[in-house]
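Chemist: Could you have a look at this structure, given as structure tokens, before my questions?
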Amino acid sequence: MRWRGMWMWMWMWMLTVALSLAACGERPRTAGADASPRSQADAHYRMAVEQHRAQRVARLRAASGWLSYTGSGRLYSGVHQVGSAADNDVQLPAGPAHLGSLRIDADAGVVFEAAADAAPTVRGQPFRAGRLGTDAAHGTETRLALGEQEFYVVRTGNLFGWRFRDPHAAARSSFHGIDYFPIDPRWRVVADWHPAALPRALVLLTSIGTPQPLTLAGSAEFTLGGRRYRLQALRDDDGKRLFFPFTDRTSGRESYGGARYLFVEPAQGRRIVLDFNLAQNPPCAFTAHVVCPLAPVGNRLERAVTAGEKNYLGLR
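Per the numbering used here, the sequence shown starts with residue 105, numbered consecutively.
Shown next as structure tokens:
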């Protein structure tokens, strides 16, 4: 019993010394010391996506963003009286009671004449009468400033419409951000790029059922989950970026039904990057006062794209 007690004491002493030496020899670990290059790259990627989202929300919140639209309507050939009073042909949600008259003609365009008591301006200068630019897609529309508010006319083909913006719109003050699917680097895919041999028009339907011709730039082919997919690319309004309107199995449920948009820089060579984490809702998901092209039939993906923006529930 005496020897057994001595051996037990010596064993306990040796174990204590060994643990003490191990503790003294262990180096403190710093955050990220064990991070692999891939995990670091993923972290940087997530930060880039978050920054992109923050910039997108800032543009929506801006006084001139999509949330500031408070009025819209169709315009037909003829002369229309415009203003906020009930006796106008085009009744604005705010602004002067009688702004002036619009003469609409498919060949001659749009001519405006201000009412006697109205004081609209264009780029800070008084505008009493004249022709109005209507090409909003290329930024050449004439916007009549009514203090902080704006009124302008847009044209698509032979179809005319009007828009009204107000920085004090209720939609701006009630906006609390966008819901997203979780960021997942696997939704950033490298696709094969097939440019169109010759640019040609592709006519899409809009959110109000009207036709809108856009320029087909080519198509992108990629693999997801072992299956091959193809999306048609259109030229964005600025003529620089590529524009992929698409739907998938989340459309009309978790995401906006008509389309989500993916804007991509032009392809370099035969490859192009499609990052579905950056997929965004069209403007008509945020306001009923603009018109958006819907996804073409060929751009429906027969799978759930659980990346990018979810449906905006504030427009109810």
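The beta carbon of each residue, even a glycine, is placed where N, CA and C say it ideally should be.
1) When you compare each of 242, 320 and 267 to residue 249 by their alpha carbons, which one comes out closest?
2) Figure out for me which residue from 329, 168 and 338 has the closest Cα to the Cα of residue 303.
3) If we count the other Cβ atoms within 10 Å of its Cβ and call it buried at 16 or more, is residue 163 buried or exposed?
4) So what does DSSP say about residue 387, is it helix, strand or coil?
5) Give me the Cα-Cα distance between residue 349 and residue 368, rounded to the nearest whole angstrom.
6) With residue 196 and residue 203 assumed to form a contact (beta carbons below 8 Å), what rounded beta-carbon distance in angstroms separates them?
7) For residue 399, which residues of its own chain have a beta-carbon under 6 Å away from its beta-carbon, when the five flanking residues on both sides are left out?
8) At the level of alpha carbons, what is the spacing between residue 226 and residue 178?
9) Nearest by alpha-carbon distance to residue 388: which of 381, 415, 378 and 321 is it?
10) How big is the Cα-Cα spacing for residue 211 and residue 242?
11) Excluding the 5 residues flanking residue 323 on each side, which residues of the same chain have their C-beta closer than 7 Å to its C-beta?
12) By Cβ distance below 7 Å, which residues in the same chain neighbour residue 402 in space, the five residues on each side in sequence not counted?
13) Going by other Cβ atoms of all chains shown within 10 Å of its Cβ, with 16 needed for buried, is residue 379 buried or exposed?
14) Between the beta-carbon of residue 93 and the beta-carbon of residue 411, is there less than 9 Å?
15) I'd like the span of the alpha helix (DSSP H) that includes residue 149, first residue to last.
16) What would DSSP say about residue 301, mapped onto helix, strand or coil?
17) By how many angstroms is the C-alpha of residue 359 removed from the C-alpha of residue 408?
18) Quick one: give me the first and last residue of the beta strand (DSSP E) that residue 275 is part of.
19) Please name the residue in 257, 265 and 168 whose C-alpha comes closest to that of residue 244.
20) Rounded to whole angstroms, what's the CA-CA distance from residue 345 to residue 187? Just pull it up for me.
21) Counting only runs that start and end within the region 182-241, where is the alpha helix (DSSP H) found for 4 or more residues in a row?
22) When the Cα atoms are used, what is the spatial distance from residue 353 to residue 332?
Modeler: On the basis of the supplied data:
1) Stepping through the sequence shown from its first residue, residue 249 is reached at position 145. Closest by alpha carbon: 267.
2) Counting from 1 along the sequence shown, the entry for residue 303 is found at position 199. Of 329, 168 and 338, the residue nearest in Cα terms is 338.
3) The count along the sequence shown starts at 1 and reaches residue 163 at position 59. The residue is exposed, with fewer than 16 neighbouring Cβ atoms inside 10 Å.
4) The sequence position of residue 387 within the sequence shown is 283, counting from 1. DSSP places residue 387 in helix when its eight states are reduced to three.
5) On the sequence shown, position 245 is the one that residue 349 refers to. On the sequence shown, position 264 is the one that residue 368 refers to. Going from the Cα of residue 349 to the Cα of residue 368 covers about 11 Å.
6) The sequence position of residue 196 within the sequence shown is 92, counting from 1. The sequence position of residue 203 within the sequence shown is 99, counting from 1. Yes, residue 196 and residue 203 are in contact; Cβ-Cβ is about 7 Å, under 8 Å.
7) Along the sequence shown, one-based indexing puts residue 399 at 295. So the qualifying residues of the chain are 349, 350, 351 and 363.
8) In the sequence shown, the residue the question calls residue 226 occupies position 122. In the sequence shown, the residue the question calls residue 178 occupies position 74. Each residue's Cα considered, the two are about 22 Å apart.
9) The residue you call residue 388 lines up with position 284 of the sequence shown. It is 415 whose Cα lies nearest to the Cα of residue 388.
10) In the sequence shown, the residue the question calls residue 211 occupies position 107. In the sequence shown, the residue the question calls residue 242 occupies position 138. Our two residues, residue 211 and residue 242, have alpha carbons roughly 20 Å apart in a direct line.
11) The residue labelled residue 323 in the question sits at position 219 within the sequence shown. So the qualifying residues of the chain are 298, 334, 335, 336 and 337.
12) Position 298 of the sequence shown, counted from the start, is the residue given in the question as residue 402. Beyond the five residues adjoining it in sequence on each side, residue 402 comes within less than 7 Å, by CB distance, of 336 in the same chain, given in chain order.
13) The residue given as residue 379 occupies position 275 in the sequence shown. Its Cβ being crowded by 16 or more others within 10 Å, residue 379 is buried.
14) With the chain represented from 105 up to 420, any question about residue 93 goes unanswered, as that position is not in the structure.
15) Indexing the sequence shown from 1 puts residue 149 at position 45. From DSSP, the alpha helix (DSSP H) with residue 149 extends over 141-165.
16) Stepping through the sequence shown from its first residue, residue 301 is reached at position 197. Strand.
17) Mapped onto the sequence shown, residue 408 falls at position 304. Mapped onto the sequence shown, residue 359 falls at position 255. Each residue's alpha carbon lies about 10 Å from the other.
18) Within the sequence shown, numbered from 1, the residue matching residue 275 stands at position 171. Here residue 275 belongs to no beta strand (DSSP E); instead the alpha helix (DSSP H) covers 274-277.
19) Within the sequence shown, residue 244 is the residue found at index 140, counting from 1. For the residues 257, 265 and 168, the minimum Cα distance to residue 244 belongs to 257.
20) Here residue 345 refers to the residue found at position 241 when the sequence shown is read from its first residue. Here residue 187 refers to the residue found at position 83 when the sequence shown is read from its first residue. One Cα belongs to residue 345, the other to residue 187, and the distance between them is close to 38 Å.
21) none
22) Counting from 1 along the sequence shown, the entry for residue 353 is found at position 249. Counting from 1 along the sequence shown, the entry for residue 332 is found at position 228. Distance between the alpha carbons of residue 353 and residue 332: 16 Å.
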